[in-house]
Structure formats: structure tokens, C-alpha cells
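The structure under discussion appears below in the form of C-alpha cells.
Number of protein chains: 2
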Amino acid sequence: MSNIAYFPKPHVDQRPGKRERTKTANRQAILDAAREVFGELGYDVATVRDIIRRTGLASGTFYNYYKSKEEVFDALADDGARRFRPLLREQSDKATDFESFLRGAILAYFNFVATEQESWRINRPAGEQIPHARATPEMAAVFDEVREGFAKVLEMDHAPKVDLDYLTSACIAVAREIGDKMLDRRPVDTEGAADFAAKLILGGVSALPRL
Amino acid sequence: MSNIAYFPKPHVDQRPGKRERTKTANRQAILDAAREVFGELGYDVATVRDIIRRTGLASGTFYNYYKSKEEVFDALADDGARRFRPLLREQSDKATDFESFLRGAILAYFNFVATEQESWRINRPAGEQIPHARATPEMAAVFDEVREGFAKVLEMDHAPKVDLDYLTSACIAVAREIGDKMLDRRPVDTEGAADFAAKLILGGVSALPRL
DNA sequence: GGGCCTTCATGACGCCCCGTCACGATCACA
DNA sequence: TGTGATCGTGACGGGGCGTCATGAAGGCCC
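Have a look at this one:
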């Protein structure tokens, strides 16, 4: 190649150095591979080497990024929570009372998990159980976000003070459980499920939708 | 020893043969050992050999009874559910309406888990997480028992038909979650927790106890 | 009581996965 | 271009897992 009329590309590249880039790329590659492997083999059967093999990296490299299979799983859960948080925040921001916040948040959650389900639990062996996500930082943040959302809208409603920790735990538990059950039904009806969950929390059994 | 005046014990022993007895004894010994080991080392760290060592049996013997550590854990959970079932049945039998059944069942459950907690989670390493119990036959039976109990008392109340699967799932989820949180508080207040859970399910947030 | 068959406890063995580490390549910076 | 730091690499030792050949002991019939 002639170097006449060759202008070296000025080094205005704002991206971080190559080291930094491959680092985040590897981290992401491992995460993606783990998602696939967990989905195909099931969490229990999958090994660290199954995951790292799919990335083309060496086995030792895995341990430069995560300590164990469990930690990758936590990272996946954490990632999910991180991506869900803005959606939750959106509901919190536009909510004017307890009911609107609750309904919005639950529906947002159900739509979120339904989408997630489609995108990566593609063909999991039947009966395989995925362990419940442990308490990751982002999941704790989601909990706090819900809690603070509740505090805000209950304040708006001039509602009497209640045990916010219990209330938050209970609502999340209901959403989680009904969400799971919802995904087992065909067709997946996020709105029906959200209506059920919201009405239960808002008014108890007597307020539930009739069949 | 003289055999004068020796009356051989007539063989009226109704107990099963020795083989059968050692079999159930071993099975139970392994279960007890597992409870202890899980409690002391934590579920993740515990190995099959930790468990079997404590029984004095050989490592191979373990596999004559259980396929893996997970299966022992499931057996423990199953055992818990089996012992809880009669308590639940008692509430179901004496209940005359939805409210009395719900309150009775939740309080029975909270007292049950509080007792269990004392008896075998004696000194678990802090922060250690015990995996959520998988779906065992007895746990499914508990689910059905709750479901049928609901069906019965809702019938008594002449209440409109609702989605019983969702309702049962949601109630169990609330009980589980509030139960967990309850155990983290000192002093453990089963009645307060039961009151909260029952009121939430019966009348929604607006019916919750005020602080 | 003796002989025979069945059942099951035993612990050594091979397998596989795990986590580490010394080495070498590549990048950042001077 | 030289130098130090960073990180990918894969071979290696360690250890838990599940199996299996063996032998001991219970059950059973004569």
C-alpha cells in the first residue's frame, strides 16, 4: 500500500482502550453464553466449562470474571433487575395514587417477565427447575424502589401508616408467584393476571374478578 | 446359662423383620444427619460424605437410599410438609367461613415454621441461603389441601367463583414471604405477622393493621 | 439347626469437574 | 522501541461423586 496521500487517522477515539473493551466484551460474552447454556442444558447440569467453551475462551479466563457458576447466575438475575428498574421507576413517577402505581408496576413486571421468558428460556428441559434468584444488589434496589414507591403514593392517598416491609414483601411475593403461574398458562395473559393480583392486593378476596 | 425353666419367647413379634427395621432406621439416620449438616455447614458447602460420615455408615450406603444431596433435601422438605398437613387439615375441618380458615391456617403455618426454625436451623452461617424447597409430592398435597379448603369455605360463604389456582398460589406466596421476614425479626411475632397476612388477603391494603 | 438364596453394607476406584498458577502474548505508556 | 502491567491460556493437582465387586447377615424352607 502506498503511503502517498495517507493520512493517519487522528487519535480522537473516545472509546476506552482495547484492554478495557475486550474486558467488557468477555464479561458480556460469558453472560450471554451462560444464558444459552442454562436454557439448553438446565442450571443443574450446566458446568462452568460448558459456559466458557461456548465463548471460545480458555477455562481459566472464566475465573478472571466470575468466581463460580452461581455467581454468573446471580449476575444474570442482577442484569434482569437492572433492566427492569427503569420500567418500575417510570410507573413510580407517573403514579398519582396507590392503585395506579400498583396496577402499573404489576403489569410492567408481567410484561417484562413474559418477554424475558420468550427470549431466553427457549427450550428448557421439562420439569427442570431454575433456582430462585438470590438477593443481588439490583434486586435489593428493586425492593427499595417498590418500597419507596409505596411510601410515596400512600402519602399522596393520606393513607394510615402500615408495615411497609411486610407490605412490600407480600406484594412482590404475589407478583412473583402469580407471574410464574401466568407463564404456565396458554395463552399467556398478562393483563388478566395483573388484574387479579392488583385486585387481590387492593381489596382482598372479595374484590377479586369473578369467573 | 442353664436352660432349665427357660421359656423361649414365643414369636409373636408383630414388628417387621430386622432387615426392614434397619432399613427405615438408616433412612431416618441419613435424614437426621442431613438436617444437622445442612444446619451446621450450610447447604452449599455440605457434601454427601459429610452427611453419611455422621451416620457411621459407608459412603456407598447413602446411594441405597437417596440419589443425591438434592434428593435428601427434598426429602427433608417433604417431611416438613407431611408433618404440617394434619395441622392444616385441622384448620380446614373446623373452619366455618373463609376468614376463620385463612386466619387459622396462616397462624398454624407461622407457628409451625417458627418451631421448625428453632429446632434445626440452630446455628447456620450468617448470610447463608437455603434453596427454596422444590415441588415435592407432599408440598403439592399441601397446595391441594389449601385449594380444597378454599373451595369449601368459599362455598359456605356463597361467594362468587374466583380463580382458585391464582388465589391459592398468591396466599401461599404471601404466607411464605411474610413468614420468612417474620423469622428475621426479634422477637418473632407469629400473631402479628398472621394478622397482617390475613388482613391483607381478606380486605387488601386498606384493611391492614395500622402502625 | 443347617443349607441356600436374597438383600444390602462396604470402601476402593475411576471419572469428571473445579479452581489455580506459571507462562507467554498483548497492550499502555514513556 | 523499550518496559512494565495486565490478562488469556491450558495443564495440573485436588476432591467430591457415583459405581461396583465383594462379603456378611437376614429370611426361609426343609
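If you read the protein sequences in the order shown, they are chains F and H. Per the numbering used here, the very first residue in the first sequence carries number 1073; after that it's consecutive. Per the numbering used here, the very first residue in the second sequence carries number 1073; after that it's consecutive. Cβ coordinates follow ideal geometry from the N, Cα and C atoms, glycine included.
Contact check, residue i vs residue j, beta carbons under 8 Å
| i | j | result |
| --- | --- | --- |
| F:Thr-1262 | F:Phe-1182 | yes |
| F:Asp-1150 | F:Glu-1210 | yes |
| H:Val-1144 | H:Ile-1102 | yes |
| F:Ala-1270 | F:Leu-1174 | yes |
| F:Asn-1098 | F:Tyr-1138 | no |
| F:Leu-1283 | H:Lys-1233 | yes |
| F:Ile-1123 | F:Ala-1106 | yes |
| F:Ala-1279 | H:Gly-1276 | yes |
| H:Ala-1245 | F:Arg-1248 | yes |
| H:Gly-1221 | H:Ala-1180 | no |
| F:His-1230 | H:His-1204 | no |
Buried versus exposed call for residue i [16 or more other C-beta atoms within 10 Å across all chains shown]
| i | result |
| --- | --- |
| H:Asp-1165 | exposed |
| H:Leu-1272 | buried |
| F:Gly-1128 | exposed |
| H:Ala-1130 | exposed |
| H:Gly-1251 | buried |
Among the options, nearest to residue i - alpha-carbon criterion
| i | options | result |
| --- | --- | --- |
| H:Glu-1217 | H:Ala-1101, H:Ser-1278, H:Glu-1162 and H:Val-1117 | H:Glu-1162 |
| H:Gly-1132 | H:Glu-1227, H:Arg-1121 and H:Glu-1142 | H:Arg-1121 |
| H:Asp-1237 | H:Ser-1191, H:Ala-1223, H:Asp-1229 and H:Ala-1130 | H:Ala-1223 |
| H:Met-1228 | H:Lys-1095, H:Lys-1141, H:Ala-1247 and H:Thr-1168 | H:Thr-1168 |
| H:Lys-1095 | H:Tyr-1115, H:Glu-1112 and H:Phe-1134 | H:Phe-1134 |
| F:Ser-1191 | F:Gly-1089, F:Pro-1088 and F:Asp-1104 | F:Asp-1104 |
Partner residues on chain H for residue i, Cβ-Cβ distance less than 7 Å
| i | result |
| --- | --- |
| F:Arg-1232 | A small correction: the amino acid at residue 1232 of chain F is Pro; Arg does not occupy that position in the sequence shown. Correct list: Arg-1282. |
| F:Ala-1279 | Gly-1276 |
Neighbourhood of residue i by C-beta distance below 7 Å, restricted to the same chain and skipping five residues each side
| i | result |
| --- | --- |
| H:Val-1214 | Ala-1153, Phe-1156, Arg-1157 and Leu-1160 |
| H:Ile-1076 | Because the pLDDT at H:Ile-1076 is just 34, under 50, the model does not fix this residue reliably, and the value given afterwards should be weighed accordingly. For H:Ile-1076, where only same-chain residues beyond five positions count, there are no Cβ hits under 7 Å. |
| H:Asp-1267 | Pro-1281 |
| F:Leu-1226 | Phe-1170 |
| H:Arg-1219 | Leu-1236 and Thr-1240 |
| H:Arg-1125 | none |
| H:Val-1260 | Ala-1186 and Met-1254 |
| F:Leu-1113 | Asp-1122 |
| F:Ser-1172 | none |
Chain-ordered neighbours of residue i on chain F, where CB pairs are closer than 7 Å
| i | result |
| --- | --- |
| H:Glu-1249 | Ser-1241, Ala-1242 and Ala-1245 |
| H:Phe-1170 | Val-1277 |
Contact set for residue i: own chain, Cβ-Cβ below 8 Å, skip 5 residues either direction
| i | result |
| --- | --- |
| H:Glu-1092 | none |
| F:Leu-1255 | Val-1185, Ala-1186 and Gln-1189 |
| F:Gly-1089 | none |
| F:His-1083 | Any reading at F:His-1083 must be qualified, since the residue scores a pLDDT of 38, below 50, and its modelled position is unreliable; the value itself is stated next. Here the set comprises nothing. |
Contacts that residue i makes with chain F (C-beta to C-beta distance below 9 Å)
| i | result |
| --- | --- |
| H:Tyr-1138 | Within chain F, no residue comes near H:Tyr-1138; the closest Cβ sits about 16 Å away, beyond 9 Å. |
| H:Pro-1203 | Pro-1203 and His-1204 |
Chain F contact residues for residue i, given Cβ-Cβ distances below 8 Å
| i | result |
| --- | --- |
| H:Ala-1235 | It should be noted that the sequence gives Asp, not Ala, for residue 1235 of chain H. Correct list: Phe-1268, Leu-1280, Pro-1281 and Leu-1283. |
| H:Ile-1273 | Leu-1272, Gly-1276 and Val-1277 |
Listed by chain order, chain H residues near residue i by CB distance under 9 Å
| i | result |
| --- | --- |
| F:Ile-1102 | Those do not exist, as F:Ile-1102 stays about 21 Å from chain H at its closest Cβ, beyond 9 Å. |
Close Cβ partners of residue i (< 6 Å) along its chain, the five nearest in sequence each way excluded
| i | result |
| --- | --- |
| H:Ala-1299 | Past the boundaries of the shown model lies residue 1299 of chain H; chain H is included only from 1073 to 1283, so the question cannot be answered. |
| F:Lys-1141 | Val-1120 |
| H:Phe-1079 | Here the model assigns H:Phe-1079 a pLDDT of 36, short of 50, so the residue's position is not dependable, and the following value carries that caveat. So no residue of the chain qualifies. |
Neighbouring residues, chain H, relative to residue i (Cβ below 8 Å)
| i | result |
| --- | --- |
| F:Lys-1253 | Asp-1237, Tyr-1238 and Ser-1241 |
Check: residue i C-beta below 7 Å from any heavy atom of the ligand FAD
| i | result |
| --- | --- |
| F:Gly-1251 | Summarising the ligand content, the structure contains no ligands, and the ligand FAD is consequently not present. |
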